[in-house]
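Participant: Have a look at the structure that comes next, please.
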Amino acid sequence: AQKITQTQPGMFVQEKEAVTLDCTYDTSDPSYGLFWYKQPSSGEMIFLIYQGSYDQQNATEGRYSLNFQKARKSANLVISASQLGDSAMYFCAMRETPNDYKLSFGAGTTVTVRA
Amino acid sequence: DVKVTQSSRYLVKRTGEKVFLECVQDMDHENMFWYRQDPGLGLRLIYFSYDVKMKEKGDIPEGYSVSREKKERFSLILESASTNQTSMYLCASSTPGQGARNEQFFGPGTRLTVL
């Protein structure tokens, strides 16, 4: 069964606007971590933001914030004030314990920022 | 800055050839990973290693083997390359730890084409 589902293959957003990327996950483990990575056309995966399952507040890192809804098992990434450099593929990933080392990735969402 | 390097950005090989993909990290990380990335499938874990000479199979190990003789270096080996192994290969490293962020740091990727 798919552990991470990203239902949006591609999205367009206007520069300076906000965009929300959807991510739902499936786990029966009460302790887990959720990650978002950015992959520009250069290919390198860049870590953006992390949310632990026991964290009380939604994670934020600069223009990135995570809308974590535990009961719905969703961890949507919000990028505020989009920039042209935000055009990339974005991946949601989960680490479950006791499989502590491994990440399960979603299929990714391609974001294109328009000027 | 964590640096993960991969020996080649682009590689073209022929069916049946033995292929070596090399990955080196300079942050003394215990864990190292090999993924393959295919459109619509996200990243899938091939093998990972949590210590020198230690390895574990990931989700898609068939047709691959790995070697970790030194802590900083993790090699992926295609014993007899086939066309269905044409893909982007990503190496990553991380520190161990349970319940903590411990994000994985990725190399730039190797795009392998098997003819």
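So the protein lines, in turn, are chains Y and X. Going by my numbering, the first sequence opens with residue 6, and the numbers climb by one from there. Going by my numbering, the second sequence opens with residue 18, and the numbers climb by one from there. We treat Cβ as the ideally placed atom computed from N, Cα and C, and that holds for glycine. Since the model is a prediction, treat every value here as computed from it, not as a measurement.
Return helix, strand or coil for X:T100, following the three-state DSSP convention.
Facilitator: Stepping through the second sequence from its first residue, residue 100 of chain X is reached at position 83. X:T100: helix per DSSP, three-state reduction.
Participant: Taking X:D55 as part of the beta strand (DSSP E), name the residues at either end of that continuous run.
Facilitator: By one-based count along the second sequence, residue 55 of chain X stands at place 38. Counting along the chain, the beta strand (DSSP E) containing X:D55 begins and ends at N48 to D55.
Participant: Quick one: which chain X residues come within Cβ less than 9 Å of Y:A80?
Facilitator: One-based indexing of the first sequence puts residue 80 of chain Y at position 75. Within 9 Å Cβ-Cβ: nothing; Y:A80 doesn't reach chain X, min ~14 Å.
Participant: So what does Y:G57 bridge to, in DSSP terms?
Facilitator: Sequence index remark: in the first sequence, residue 57 of chain Y carries index 52 (1-based). BP columns for Y:G57 point to Y:G38.
Participant: Taking Y:R68 as part of the beta strand (DSSP E), name the residues at either end of that continuous run.
Facilitator: As a first step, residue 68 of chain Y must be located in the first sequence, where it is residue number 63. Taken as a continuous stretch (DSSP letters only), Y:R68 belongs to no beta strand (DSSP E), as it is neither H nor E.
Participant: Identify which residue in Y:K107, Y:R119 and Y:V116 has its Cα closest to the Cα of Y:L39.
Facilitator: Here the question's residue 39 of chain Y lines up with position 34 in the first sequence. Y:L39 has its Cα closest to that of Y:K107, out of Y:K107, Y:R119 and Y:V116.
Participant: For chain X, is any of its Cβ atoms less than 8 Å away from the one on Y:G15?
Facilitator: In the first sequence, the residue the question calls residue 15 of chain Y occupies position 10. Y:G15 does not count as touching chain X.
Participant: Can you confirm whether the region 19-27 of chain Y touches the region 85-98 of chain Y when touching is taken to mean that 3 or more C-beta pairs between the two stretches lie within less than 8 Å?
Facilitator: yes
Participant: Is the number of C-beta pairs between the region 110-118 of chain Y and the region 67-81 of chain Y that are closer than 8 Å three or more?
Facilitator: no
Participant: Measure the alpha-carbon distance for Y:P1 versus X:R61 and round it to whole angstroms.
Facilitator: For chain Y, the structure presents residues 6 to 120; residue 1 of chain Y sits outside this window and is missing.
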